[in-house]
């Protein structure tokens, strides 16, 4: 068990360093805002006093390292500044809308993982046959599909033509269906491709032959043994594609008028509300890092050997 | 599958020209046997021709508005219909291909130009240089391509140049990772170690041996990433944060058409289809190239 | 003689690649009798493993793979059996002890779990009874702390321990036939002897027939009752072990014996076979062994005609056009070699 904890500690330290780096980038980028950042953030109609107040509030008079320290200090106290657009606290606006994004991200991942693994396993067990080619086609189409276009197509089909599902908003449970499917398709394609190739590898391993030689049914060979072994690389891909999924969430939320932080981000960029942009991007990066720590943890559940290599 | 030996080893040019030509021919045949890759390449060629020869192929101006012709359904006069401002959608898609293809190629070139040197240095030198570069790549990966692009646009503003920079920077960490892996494995090769032992300058070795022998996987990887940058750039356009109207960029067109999906769905269908087909083209061509040139990259 | 447990007839296995056909096994026939140990010997690539894996249909399925012929077992042709009926035989009537114990256990499950899985596939039982049986088996194959080792993962086992576990898995359901595919190749020399003892013991315990696939003639001499010698996908000689060793009638068998560690073997037969095993995608015409054969001496028929596996005496058979020439010469040479050693 000591191996496990040192392994985790290492991962946690790396995660903290990455988050610090993310924060630094977010602070440093202010320097590149064209013109007077305070002016930009305050907006065109702001009075000189307002601009001066914002400059002071954001510590723009200070050097980057000092600003960075300030940012961390505030972050530690759960403060990410105030929105330049609404004057509300960035943290409270994000917390109000984060649950919608989480809901969408979790369901999208679920769709991607379940459909992706299923397709990948089908392709691997039917290697070089028709079903395999079909899955390959679905896979390459899935990674080529612009999520925003897919969302529009699904709305046209299910909401306008068939009138089965609501077009947009987050009012009812059924309004979750289209956005989650839209968001999940890219992940599904990536996971299906990865599952296919690792499953083909695993099914050719000696231990699979041993299991078959025991006379167990093929379902057990495929799902209990090969898939369980294929899970470590699949988990890695699930963790890595989660970032892409969050990017897709921004677009999906826009298509479906979903009240999450993705749409808030787009609105804030259009409104040049940099403090809000800073806060939301930080939260997205943190979500990605947390998910990858979780996948790391799951390695140890899936593969008993991981513990040794602490 | 025929696997052809790709890069000539940096040490001595033992291969005769004829033999190399034969190997290239064989690779070409393998590529042409791959129906999906051929389809991808044909799609790309089609869009390239449409974009290049647009003025010859259509008499419509992609930006000229004619409100009396707004929302015409696809017909003989307007094969793909007209948009909310009466502009011919086919003409806009043909001219728009110029922006899409240019953004894709330039963005990936930018990512290659930044990511590959960093990655090669990181892998070849190791030590603290490697540590620092890897941390930077980790940080960029934590943003993911699309969010990184969004963040950059938030800072540097919208427009064609911004989109190229933003979409390019989005995939820089992927190129760092790839080049680092290449350098790490090539560092163990005999001819690189020999060059090191003979005391040739490290930068010379890096350029002469390591970069030259990494070119094939880099080209394959770049092709596979053009599709991704096209998606990112069009996504920015869709949100109104990319190339600005009236420039006929496909993502921007799609973003504007979205308002009208209830009564003029074709205005969203075609720009979206164009994005999808071009990205599909790059992905299929990239998959095919990878199978021919560098099967080891297969995910 | 008694009825064979298994009878392989005209078995051929081919893999098609995009520009050639690999003939891994070509018209192979032999029987396995109850309770006997049959050694199948040959260099790597001789088709010995493929033969045994193909009768259990354990070769990776693919459109490129073609298997023909028959493998009669218990009145059924294994090669024509439905998957479901074949599964009922695998692991119950016919067990496999594979080559490399390092890769043959599933790394993510406890060894005990994999052992019970072998039993459960044919004789479902309660968790407790499966465990009891599993621990008993681990004890039988000589694991020092079976109760504890039942709950360990493969990576916590040494190579020898893993092979013991594989043998335990093989004999778990008292099979009629055990196929051991190079069971000791991947192990230390010191452990090899122990593992063979365990295998012999397990075989005696279950009264099964054993097919021992190996390239090691020493092992054959020690373990086998009868021998099948394979070369390039063909059976080239077969007979009981004493006869084969004393009166080999195929130059390849003789060559294999020459490969055995011996002292003072400067005679022309008693040295390693020149050349290397043929590419199975381009097996030489006529007798596949002729390019490496010291007996052929360039004679035409070796290049043109495939020799039949003909009776020499009793059950001793050899596929060589000039097997008679070996009768005196080989005996003489071997006798000399024995005097020297």
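Protein chains in written order, with this note's numbering: chain A, 1209 to 1518; chain B, 4 to 302; chain C, 6 to 346. Note that beta-carbon positions come from the ideal geometry of N, C-alpha and C, so glycine has one too.
Euclidean distance between Cα positions of residue i and residue j
i, j, result
"residue 115 (chain B)", "residue 1278 (chain A)", "35 Å"
"residue 1518 (chain A)", "residue 1454 (chain A)", "With a pLDDT of only 37 at residue 1518 (chain A), under the threshold of 50, the placement of this residue in the model should not be trusted; the figure read from the coordinates follows. Approximately 30 Å between the Cα atoms of the pair."
"residue 1317 (chain A)", "residue 230 (chain B)", "22 Å"
"residue 40 (chain C)", "residue 64 (chain C)", "26 Å"
"residue 259 (chain B)", "residue 88 (chain B)", "11 Å"
"residue 120 (chain C)", "residue 1389 (chain A)", "42 Å"
"residue 347 (chain C)", "residue 325 (chain C)", "There is no way to answer for residue 347 (chain C), as the model of chain C reaches only from 6 to 346."
"residue 129 (chain B)", "residue 180 (chain C)", "56 Å"
"residue 184 (chain C)", "residue 221 (chain C)", "16 Å"
"residue 122 (chain C)", "residue 110 (chain C)", "12 Å"
"residue 1314 (chain A)", "residue 1399 (chain A)", "15 Å"
"residue 249 (chain C)", "residue 256 (chain C)", "12 Å"
"residue 1221 (chain A)", "residue 1232 (chain A)", "17 Å"
"residue 1423 (chain A)", "residue 31 (chain B)", "45 Å"
"residue 1344 (chain A)", "residue 1365 (chain A)", "24 Å"
"residue 201 (chain C)", "residue 161 (chain C)", "22 Å"
"residue 295 (chain B)", "residue 220 (chain B)", "11 Å"
"residue 305 (chain C)", "residue 33 (chain C)", "25 Å"
"residue 296 (chain C)", "residue 48 (chain C)", "16 Å"
"residue 54 (chain B)", "residue 100 (chain B)", "5 Å"
"residue 241 (chain B)", "residue 156 (chain B)", "13 Å"
"residue 223 (chain B)", "residue 217 (chain B)", "10 Å"
"residue 11 (chain C)", "residue 210 (chain C)", "20 Å"
Start-to-end residues for the alpha helix (DSSP H) that takes in residue i
i, result
"residue 196 (chain C)", "194–211"
"residue 192 (chain B)", "First-last for residue 192 (chain B): undefined, no H or E at that position."
"residue 309 (chain C)", "305–309"
"residue 1466 (chain A)", "Where residue 1466 (chain A) is concerned, there is no enclosing alpha helix (DSSP H), given that its DSSP letter is neither H nor E."
"residue 88 (chain C)", "88–94"
"residue 1261 (chain A)", "1256–1265"
"residue 174 (chain B)", "From DSSP, residue 174 (chain B) is part of no alpha helix (DSSP H); its letter is neither H nor E."
Residue i, DSSP secondary structure in three states
i, result
"residue 1353 (chain A)", "coil"
"residue 59 (chain B)", "helix"
"residue 236 (chain C)", "strand"
"residue 347 (chain C)", "Nothing about residue 347 (chain C) can be read from this structure; chain C reaches only from 6 to 346."
"residue 43 (chain C)", "strand"
"residue 1297 (chain A)", "strand"
"residue 18 (chain C)", "strand"
"residue 99 (chain C)", "strand"
"residue 90 (chain B)", "coil"
"residue 232 (chain B)", "helix"
"residue 217 (chain B)", "helix"
"residue 70 (chain C)", "strand"
Interface residues of chain A facing residue i [CB-CB closer than 9 Å]
i, result
"residue 148 (chain B)", "1451, 1452 and 1455"
"residue 248 (chain B)", "Per Cβ cutoff of 9 Å: no residues; residue 248 (chain B) is ~14 Å from chain A at best."
"residue 86 (chain B)", "Simply none; closest approach about 15 Å."
According to DSSP, residues forming a beta bridge with residue i
i, result
"residue 214 (chain C)", "C:182"
"residue 13 (chain C)", "C:35 and C:76"
"residue 252 (chain C)", "Residue 252 (chain C) pairs with nothing; no bridge assigned."
"residue 27 (chain C)", "C:20"
"residue 329 (chain C)", "Paired residues: none, contrary to the question."
"residue 1444 (chain A)", "According to DSSP, which records beta bridges pairwise, residue 1444 (chain A) is partnered with nothing at all."
Beta-carbon neighbours of residue i, restricted to chain B and to distances below 7 Å
i, result
"residue 1462 (chain A)", "242"
"residue 1242 (chain A)", "160"
Neighbouring residues, chain A, relative to residue i (Cβ below 8 Å)
i, result
"residue 81 (chain C)", "Ordered by position in chain A, no residue passes the 8 Å Cβ test against residue 81 (chain C), which lies about 15 Å from the chain."
"residue 158 (chain C)", "1512 and 1513"
"residue 230 (chain B)", "1351 and 1352"
Under 9 Å by beta carbon: chain C residues contacting residue i
i, result
"residue 1438 (chain A)", "Per Cβ cutoff of 9 Å: no residues; residue 1438 (chain A) is ~10 Å from chain C at best."
"residue 1510 (chain A)", "113"
Interface residues of chain A facing residue i [CB-CB closer than 7 Å]
i, result
"residue 92 (chain C)", "1423 and 1425"
"residue 101 (chain C)", "1421"
Residue range of the unbroken beta strand (DSSP E) whose run includes residue i
i, result
"residue 1271 (chain A)", "Where residue 1271 (chain A) is concerned, there is no enclosing beta strand (DSSP E), given that its DSSP letter is neither H nor E."
"residue 318 (chain C)", "315–318"
"residue 323 (chain C)", "321–323"
Chain C contact residues for residue i, given Cβ-Cβ distances below 8 Å
i, result
"residue 1504 (chain A)", "Within chain C, no residue comes near residue 1504 (chain A); the closest Cβ sits about 17 Å away, beyond 8 Å."
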